[in-house]
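See below for the structure under consideration.
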Amino acid sequence: MTATPPPPGRPVRLLGYLAYIGLLTAGYYYNLTFVQLGIIDLGTRGVGLDRGQVSVAMGGLALTAFLVAVATGMLMDRLRWNVDLPLKLRIVFGVVALQTVLTLVAPSVGSRPSFVVWVLGCAIVIGVGIPVTFGLMRDFIPVHHRGHVAAVVAGLAFFAAALYPREWRMGEFAAVLSTAMIPATIVLGVIAFGRFAIVSELGRLHELHGPGRFRRPGPERATPAMFWGLVVLMFAVFFIDSLGFLRIIEAPAYISTSWQSPDTSVRLFIGISHLVGAVMAGVLYTAFGRRWLIVWVLGLFAFTHLLYTSHLSSAPSGMDPPLVLPLFYVLAVSFYTTLNFALWPDLSTAADIGTRTALGVGIAGWLASFLSTALALYSENAEVSLLAHLRYVNALALLLAVGVPVVFYVNRMRSLARSPA
939 MTATPPPPGR PVRLLGYLAY IGLLTAGYYY NLTFVQLGII DLGTRGVGLD RGQVSVAMGG
999 LALTAFLVAV ATGMLMDRLR WNVDLPLKLR IVFGVVALQT VLTLVAPSVG SRPSFVVWVL
1059 GCAIVIGVGI PVTFGLMRDF IPVHHRGHVA AVVAGLAFFA AALYPREWRM GEFAAVLSTA
1119 MIPATIVLGV IAFGRFAIVS ELGRLHELHG PGRFRRPGPE RATPAMFWGL VVLMFAVFFI
1179 DSLGFLRIIE APAYISTSWQ SPDTSVRLFI GISHLVGAVM AGVLYTAFGR RWLIVWVLGL
1239 FAFTHLLYTS HLSSAPSGMD PPLVLPLFYV LAVSFYTTLN FALWPDLSTA ADIGTRTALG
1299 VGIAGWLASF LSTALALYSE NAEVSLLAHL RYVNALALLL AVGVPVVFYV NRMRSLARSP
1359 A
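Using the working numbering, you'd call the opening residue of the sequence shown number 939 and step up by one each time.
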């Protein structure tokens, strides 16, 4: 009779935390800066496309990445790759290696056909990476720490993005990232293809964690309808907020208090606010149920858009906007990003985490963000004024912030009416 090996010790568990935080922070920073912002610069300055044409390319990237993510996630579940950590590390290595190549060649992209091929390559690699990397939370992070770890990832990624690089130019993005990615790819390749006992120990961590927080027996257990409801809600949050983000940060009136501010102290203020907001979101995620979490997020970002719309309507021209505007915007972004990192693994088990993280992150994160970015570019290209654009965004945000709690209340009253006296 074979003896059951003891559970992995504390050093192995700590290494799991560090591995997850390092991989996801670097990956989110890469996609947030190099992909989402770099494509705009590459398409407009490098290739010479107008913003309407770049918006079409970004919409295609979002849809392709989503479809590839879902296909990859379903394949992972069917073939049980979710419990094979060495295999997942090899896939992550392949993703990072291909992203390194795409990063190195990006500054040389100068024609429309090469731009389309480059965008397609980015979309495929991102799609493969979504279910693999986000699913690593189940491997490495215990359920009771997922909110806090998601907060660390979101806070660090946004902190770094707020401070560096100073200019949103593809050449600068590529130079910074390739310098870090080449050695990281080599190290990851050695770990993924080497035979190290520590990888086997890390691969057993998932045995200690069990199903996600919202798949365990109890009042918070999520049904399929609840899962799809959360997907729709998070899609709406990312879509509406990203729809306003690009126009705000590129508006001349708000440059001085945005990520592109020439003042280092302003950028440092924004970066630190991201960290504080993420920590607050991690605490709230751990302490509250999912309905309260949604209400917090919706209320915060609706209030943020209301602040910007009110400022545009009433502030004297030429006056620098107060830092309270980016403060609330940063808090809103940190809140919903932290929630997006932790929520989908906590709605999953080993049998469906590939598909569920692909659907959750693919729809609510990538599809929503890139489609809304594309629409914001189209709006700017069509010369829709910033105030008119934000009024539409604010109306959608307020409708969501008021409508969702009303739906929660109505459902609660219906449940009470049906329960026996």
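We treat Cβ as the ideally placed atom computed from N, Cα and C, and that holds for glycine. Nothing here was measured: the structure is a model prediction, and the numbers come from that model.
Would you mind working out which of ILE1079, ARG1350, ALA1191 and ALA1339 sits nearest LEU1146, comparing C-alpha positions?
-> Numbered from 1 along the sequence shown, position 208 holds the residue referred to as residue 1146. Nearest C-alpha to LEU1146: ILE1079.
Would a C-beta distance cut-off of 7 Å place ARG1076 and ILE1291 closer than the cut-off?
-> For the purposes of this step, residue 1076 is taken as residue 138 along the sequence shown, with counting starting at 1. For the purposes of this step, residue 1291 is taken as residue 353 along the sequence shown, with counting starting at 1. Taking 7 Å as the Cβ cut-off, ARG1076 and ILE1291 qualify as a contacting pair.
For TYR1240, which residues from the same chain have a beta carbon less than 6 Å from its beta carbon, with the 5 sequence-adjacent residues on both sides left out?
-> Stepping through the sequence shown from its first residue, residue 1240 is reached at position 302. Tyr is not the amino acid found at residue 1240; the sequence shown has Ala there. These residues qualify, in order along the chain: ALA1335, LEU1336 and ALA1339.
Would DSSP call TRP1230 helix, strand or coil?
-> Taking the first residue of the sequence shown as 1, we reach residue 1230 at position 292. TRP1230: helix per DSSP, three-state reduction.
Thinking GLY981 and PHE1053 are a contact (beta carbons under 8 Å), I'd like their distance in whole angstroms, please.
-> Position 43 of the sequence shown, counted from the first residue, corresponds to residue 981. Position 115 of the sequence shown, counted from the first residue, corresponds to residue 1053. About 6 Å separates the two Cβ atoms, so the contact holds.
Report all residues from its chain with a CB closer than 6 Å to the CB of ALA1089; omit the five preceding and five following residues, and keep chain order.
-> For this step, residue 1089 is matched to residue 151 along the sequence shown. Around ALA1089: ALA1216, VAL1217, ALA1219, GLY1220 and THR1276.
Whole-Å CB distance - PHE1173 paired with ALA1009, under 8 Å assumed | By 1-based counting over the sequence shown, the position of residue 1173 is 235. By 1-based counting over the sequence shown, the position of residue 1009 is 71. About 19 Å; that fails the 8 Å criterion.
Starting from the C-beta of LEU1094, find all residues in its chain whose C-beta is less than 7 Å away, skip the five residues before and the five after it, and write them out in chain order.
-> As a working mapping, residue 1094 is identified with position 156 in the sequence shown. The residues are THR963.
Using the rule of at least 16 other Cβ atoms within 10 Å of the residue's Cβ for burial, across every protein chain shown, is ARG1185 buried or exposed?
-> Taking the sequence shown and counting its residues from 1, the one referred to as residue 1185 is at position 247. Label assigned to ARG1185: buried.
For the alpha helix (DSSP H) that HIS1144 lies in, which residues bound it at each end?
-> Counting from one through the sequence shown, the residue named residue 1144 turns up at place 206. It spans 1144-1147 - the alpha helix (DSSP H) in which HIS1144 sits, taken as one unbroken run.
Spatial distance of PHE1297 from PHE1004 (CA atoms) = Looking up residue 1297 in the sequence shown gives position 359. Looking up residue 1004 in the sequence shown gives position 66. Here residue 1297 turns out to be Leu, not Phe, going by the sequence shown. Distance between the alpha carbons of LEU1297 and PHE1004 is about 8 Å.
Would you mind sorting ARG983 into buried or exposed? The rule is 16 or more other CB atoms within 10 Å of its CB.
-> Indexing the sequence shown from 1 puts residue 983 at position 45. Exposed, since its Cβ has fewer than 16 Cβ neighbours within 10 Å.
Could you check the C-alpha separation between VAL1034 and LEU1245 for me, to the nearest Å?
-> Position 96 of the sequence shown, counting from 1, holds the residue named residue 1034. Position 307 of the sequence shown, counting from 1, holds the residue named residue 1245. Near 39 Å, if we compare the C-alpha coordinates of LEU1245 and VAL1034.
Does DSSP put PHE1134 in a helix, in a strand, or in coil?
-> Counting from 1 along the sequence shown, the entry for residue 1134 is found at position 196. Per DSSP, reduced to three states, the secondary structure at PHE1134 is coil, with no helix or strand assignment.
Are VAL1175 and CYS1060 closer than 7 Å when you measure CB to CB?
-> Numbered from 1 along the sequence shown, position 237 holds the residue referred to as residue 1175. Numbered from 1 along the sequence shown, position 122 holds the residue referred to as residue 1060. Contact flag unset, no.
What's the gap between the Cα of VAL1345 and the Cα of TRP1230?
-> Here residue 1345 refers to the residue found at position 407 when the sequence shown is read from its first residue. Here residue 1230 refers to the residue found at position 292 when the sequence shown is read from its first residue. The straight-line gap from Cα to Cα measures roughly 13 Å.
Simplified DSSP assignment, three categories, for GLY1048 = The residue given as residue 1048 occupies position 110 in the sequence shown. Of the three classes helix, strand and coil, the one that applies to GLY1048 here is coil, per DSSP.
PHE1134: CB within 6 Å of a non-hydrogen atom of the ligand PLP | Ligands displayed in this structure: none; no statement on the ligand PLP is therefore possible.
When you compare only the Cα positions, how much space is there between ASN1349 and PRO949?
-> Reading the sequence shown from its first residue, position 411 is the one you call residue 1349. Reading the sequence shown from its first residue, position 11 is the one you call residue 949. So the alpha carbons of these two residues sit roughly 46 Å apart.
Are there 16 or more other CB atoms within 10 angstroms of the CB of THR971, so buried, or fewer, so exposed?
-> The count along the sequence shown starts at 1 and reaches residue 971 at position 33. Classification for THR971: buried.
Terminal residues of the alpha helix (DSSP H) in which VAL1331 lies | As a position in the sequence shown, residue 1331 is number 393, starting the count at 1. Run containing VAL1331: 1324-1356, per the alpha helix (DSSP H) assignment.
Cβ neighbour criterion (16 or more within 10 Å) applied to ARG1228 | Residue numbering aside, residue 1228 sits at position 290 when the sequence shown is read from its first letter. ARG1228 comes out buried.
Which first and last residues belong to the alpha helix (DSSP H) in which GLN1037 is found?
-> Here residue 1037 refers to the residue found at position 99 when the sequence shown is read from its first residue. GLN1037 -> alpha helix (DSSP H) spans 1023-1043.
On a CA-only basis, which of GLU1110, VAL1170 and PRO1264 is nearest TYR968? Give me that one, please.
-> Indexing the sequence shown from 1 puts residue 968 at position 30. Nearest option by C-alpha distance: GLU1110.
By the 10 Å Cβ neighbour count, where 16 or more other Cβ atoms means buried, how is ARG1205 classified, buried or exposed?
-> Indexing the sequence shown from 1 puts residue 1205 at position 267. By the neighbour-count rule (16 or more Cβ atoms within 10 Å), ARG1205 is buried.
Boundaries (first-last residue) of the alpha helix (DSSP H) holding GLN974 = In the sequence shown, residue 974 corresponds to position 36, counting from 1. Careful: GLN974 lies outside any alpha helix (DSSP H) and carries neither H nor E.
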